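Right, one structure below, let's go through it.
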Amino acid sequence: VQLQASGGGLVQAGGSLRLSCAASGSIFSFDVMGWYRQAPGKQRELVATITIGGFINYADAVKGRFTISRDNAKNTAYLQMNSLKFEDTAVYYCKARAGVRVYWGQGTLVTVSS
């Protein structure tokens, strides 16, 4: 199973980006899919997660600005990021869990210019 994250880039503060995380090689659905981020010099932190049933959890820092969604048929998760702030600058990683198995995608860099 491989997770392919895409959609990162450079954006001005206040702008928007949409990240995608597509799974390949998978014949099963993931219980949970989510996004994490790691800023320079900081630990990786949770951004948002969504269960196969649609239960969603957001980090306080992104509530009201980011929206996570998923397409179960495609095993793909999305992260719509609006009103981006300089402090959102980080490498964003997607993560998926199926039972006890956890998979990480490669990161996609989001840079927000102030």
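Residue numbering for the sequence shown follows my numbering, beginning at 4 and increasing consecutively.
Backbone N, C-alpha and C define an ideal beta-carbon position, used for all residues, glycine too.
Treat the numbers as computed from the prediction; the structure is a model and nothing was measured.
CA-to-CA distance, residue j to residue i, given in whole angstroms
i	j	result
VAL65	VAL4	28 Å
PRO43	TYR96	14 Å
SER117	GLY102	41 Å
GLY57	LYS98	16 Å
Exposure label - residue i; buried when at least 16 CB within 10 Å
i	result
ASP74	exposed
ASP91	buried
ILE59	exposed
LEU22	buried
LEU13	exposed
LEU6	buried
ARG40	buried
ALA8	buried
PHE31	exposed
Run of the beta strand (DSSP E) containing residue i, from where it starts to where it stops
i	result
SER9	5 to 9
ALA99	93 to 101
Coarse secondary structure for residue i, derived from DSSP in three states
i	result
ALA42	coil
GLY57	coil
* Hey, which unbroken runs of the beta strand (DSSP E) at 3 residues or more fall wholly within the region 61 to 89? -> If only uninterrupted beta strand (DSSP E) runs of at least 3 residues are considered, those enclosed by the region 61 to 89 are 69 to 74, 79 to 84.
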